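Engineer: Residue numbers for the sequence shown follow my numbering, beginning at 12 and rising by one.
Note that CB positions come from ideal geometry on N, CA and C, so glycine has one too.
All figures in this text were calculated on a predicted structure; none of them were measured in a lab.
I'd like to ask you about the structure that follows.
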Amino acid sequence: MVLIIQNIFSRRSLLLGNFFLLSCLGLDIVMTTSGSSSNEQVAPPAVQHGKVNGQTQREATFGAPVEEISPLGTHLNLKSAVFLNLSDTIGMGIFSVPGIILRSKILALACLTCSIAICAFSTRWSIKISNVLSILKVGFLVVVPCTGLAVLLGLTSAKSQIHNFKQIFEGTTWNGNALATALVKVDYSFFGWSNSINLLAEVPASAGTNPIQTLRRAGYLSLWTVSLLFILANISYFVVIPKERMKDSGVLVGAVFFDIVFGEGGFIARKVFPAFVALNCVGSIIAGTIATARVARESGRQGVLPYPDVWASTYPFGTPLAPIMLKFVLVFFVIVAPPAGDAFNLLVDLSSYPRTIFAVLICIGLGILRKRRAIKGEVAAPEIVYRAWDGAVNLYLVKSILTIVMPWIPPANGSHSGDVSLWYATYCVLGLGIMALCGIYYYVWIILLPRLRGYEIVEETVTLPDGAVTNHFTRKYINAKSGASSNTAQEPAPTEATPLLSSS
């Protein structure tokens, strides 16, 4: 959010970005929970050869292995879900985390190590600590508009800059690249409001409650809370900080705010504020790690990553240790290797581009499914807990298409005048390149090699000692003469002793 504040007087696109965002809030959960109708025709499940406690058995599944009881436990209630969302959202810009934390590599590494250690040793305690830090974040963020109000009423020595609101769009631009950059930054400022959806399996289904309804309520509560606080904080920045100083402050607008109010070089501005930003960063890393570790674990559990047993395992602490350590390595590299400013902005932009492409595909796919049901006279099944409004989906689709197309428009001041010192569309090319590599990998592994070597890929569902369930992708060779499997219908298909992507 602070990155948008930096550009508000040079980019009219903030207004457009907030319009799109506030019109489409809720669609992250929409896209993951608006399931298909029970009347929808689906292909029959493939019969897989599973191993449970060392014994081979035939198991019918619909692809992803099902864990009836999550080995990670059920520690997430409504309160914790709200705090988890808030903790991941507040701090990703509003308090200038990249400017203050990432430029101090030692402090950044200390925050990272502490956060990762908490997540690695205990899910229960990582959620509890996240709750406490989230309360501190909200409390501190409330201080900002209260301080702005005090300045406006003349209760402090700082002079009110209420005239900043006159001709607020002076010097702004309608350049497509600037609009796209602002849209990406607005999206990122609210990234995490639906963070708890990644822990759906860890929400207890007690009597009279539904996990999806719990997370839906948590999403709405966190969304409106953080939206109100962000708007009030930004208004306070306008009230306190002179226009020209705000434009030149870069990502340090939060520090400038406290400098003006409490005096430059004062104890609060130079000691209290940085200390809080450090705690804020720890809270964001903990909340983000809790969620992203589950995403990585699910990818591994479905067999699409090498060594699925390692990714799925919760040994020895009941936490997804391998995904958590992957997060540590990646963030460690980002802190140590590249320059802080360009690295942060490039990663924000890069992460948004493939995600936006998938958002477009999801919206289109959702529209196709609904159209097919309408033609057949079908309606959503009663068990569908949440259904996105057609208008919201369409608006989200338009916004996503604009975010994909507009970054290719050259900036008004030259090809290297974007939010990084690199070529303005670098993140677009990198994002498309990563997706292309993933497509090539899939084609070679799943289609080309089996066709050339005369086998097909089958799934084996395996239950690990800690209760985790995972898939192994293995080879089933086909009879070259008949073109059919060499196995009879009564016998399980022979597979290689070592699965393709297994650690065993």
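Report the residue ranges of all alpha helix (DSSP H) runs contained in full by the region 287-330; include only those spanning at least 4 residues, in chain order.
Structural biologist: Segments of the alpha helix (DSSP H) lying fully in the region 287-330: 319-323.
Engineer: So what does DSSP say about residue 174, is it helix, strand or coil?
Structural biologist: helix
Engineer: Indicate whether residue 296 and residue 137 have their beta-carbon atoms separated by less than 8 Å.
Structural biologist: In this structure, residue 296 lies away from residue 137, with their beta-carbon atoms at least 8 Å apart.
Engineer: Are the Cβ atoms of residue 153 and residue 204 separated by less than 8 Å?
Structural biologist: no
Engineer: Measure the C-alpha to C-alpha separation of residue 348 and residue 268 and round it to an integer number of angstroms.
Structural biologist: 30 Å
Engineer: If you measure between the beta carbons of residue 518 and residue 253, is that distance less than 8 Å?
Structural biologist: The shown model of the chain, from 12 to 515, leaves out residue 518, and the question about it has no answer.
Engineer: Count the other CB atoms, across all protein chains shown, that sit within 10 Å of the CB of residue 53; report buried if there are 16 or more and exposed otherwise.
Structural biologist: For residue 53, the predicted structure reports a pLDDT of 35, less than 50, and the residue's modelled location is therefore unreliable. A value from the coordinates is still provided. Around the beta carbon of residue 53, fewer than 16 other beta carbons sit within 10 angstroms, so the residue counts as exposed.
Engineer: For residue 117, name the three-state secondary structure that DSSP assigns.
Structural biologist: helix
Engineer: Can you give me the C-alpha to C-alpha distance between residue 211 and residue 277, rounded to a whole angstrom?
Structural biologist: 45 Å
Engineer: Output the distance between the C-alpha atoms of residue 255 and residue 437, rounded to the nearest integer angstrom.
Structural biologist: 30 Å
Engineer: Please list, in chain order, all residues of the same chain as residue 186 whose beta carbon is under 8 Å from its beta carbon, the five residues on each side excluded.
Structural biologist: 420, 422 and 423
Engineer: Helix, strand or coil: how does DSSP classify residue 559 here?
Structural biologist: The first residue shown for the chain is 12 and the last is 515, placing residue 559 beyond what the model contains.
Engineer: Alpha carbon to alpha carbon, how far is residue 82 from residue 150? Give it in angstroms, no decimals.
Structural biologist: 34 Å
Engineer: Going by beta carbon distance, what residues of the same chain come within less than 8 Å of residue 122, once the five residues before and after it are set aside?
Structural biologist: 112, 289, 292, 293 and 296
Engineer: Where do the N-terminal and C-terminal ends of the alpha helix (DSSP H) with residue 481 fall, by residue?
Structural biologist: Not the alpha helix (DSSP H): residue 481 falls in the beta strand (DSSP E), residues 480-488.
Engineer: Is it buried or exposed for residue 79, if we count other Cβ within 10 angstroms and need 16 for buried?
Structural biologist: exposed
Engineer: Hey, how far is the Cα of residue 397 from the Cα of residue 226?
Structural biologist: 11 Å
Engineer: Locate the alpha helix (DSSP H) running through residue 135, then write down its first and last residues.
Structural biologist: 134-163
Engineer: With DSSP collapsed to three states, give me the class of residue 107.
Structural biologist: For residue 107, the predicted structure reports a pLDDT of 48, less than 50, and the residue's modelled location is therefore unreliable. The matter cannot be settled from this model.
Engineer: Helix, strand or coil for residue 397? Go by DSSP, reduced to three states.
Structural biologist: coil
Engineer: Between the region 461-469 and the region 374-384, are three or more C-beta pairs nearer than 8 Å?
Structural biologist: no
Engineer: What do you get for residue 42, buried or exposed, if any count of 16 or more other CB atoms within 10 angstroms of its CB means buried?
Structural biologist: The predicted model places residue 42 with a pLDDT of 35, which falls under 50 and marks its position as unreliable, so this point remains unresolved.
Engineer: Using the three-state DSSP reduction, which class does residue 242 fall into: helix, strand or coil?
Structural biologist: helix
Engineer: What does a CB cutoff of less than 6 Å around residue 323 pick up in its chain, not counting 5 residues either side in sequence?
Structural biologist: 311, 312, 479 and 481
Engineer: Grouping DSSP H, G and I as helix and E and B as strand, with all else coil, what is residue 363?
Structural biologist: In the structure shown, residue 363 falls within a helical segment according to DSSP collapsed to helix, strand and coil.
Engineer: Would you call the region 189-203 and the region 83-103 in contact, with 3 or more CB pairs under 8 Å?
Structural biologist: yes
Engineer: Could you say if the region 360-379 and the region 406-420 meet the contact criterion of at least three C-beta pairs nearer than 8 Å?
Structural biologist: Segments in contact, yes.
Engineer: Could you tell me whether the Cβ atoms of residue 89 and residue 281 are closer together than 8 Å?
Structural biologist: no
Engineer: Starting from residue 437 and walking both ways along the alpha helix (DSSP H), at which residues does that stretch end?
Structural biologist: For residue 437, the enclosing alpha helix (DSSP H) begins and ends at 437-453.
Engineer: Kindly confirm or deny that the region 156-165 and the region 237-247 touch, where touching means at least three C-beta pairs closer than 8 Å.
Structural biologist: yes
Engineer: Give every residue of the same chain whose Cβ lies closer than 7 Å to the Cβ of residue 467, excluding the five residues on either side of it in the sequence, and list them in chain order.
Structural biologist: Hits under 7 Å: 461, 487 and 489.
Engineer: Report yes if the C-beta distance between residue 85 and residue 213 is below 8 Å; otherwise report no.
Structural biologist: Remark: C-beta atoms of residue 85 and residue 213 approach each other more closely than 8 Å.
Engineer: Between the C-alpha atoms of residue 220 and residue 230, what's the straight-line distance to the nearest angstrom?
Structural biologist: 16 Å
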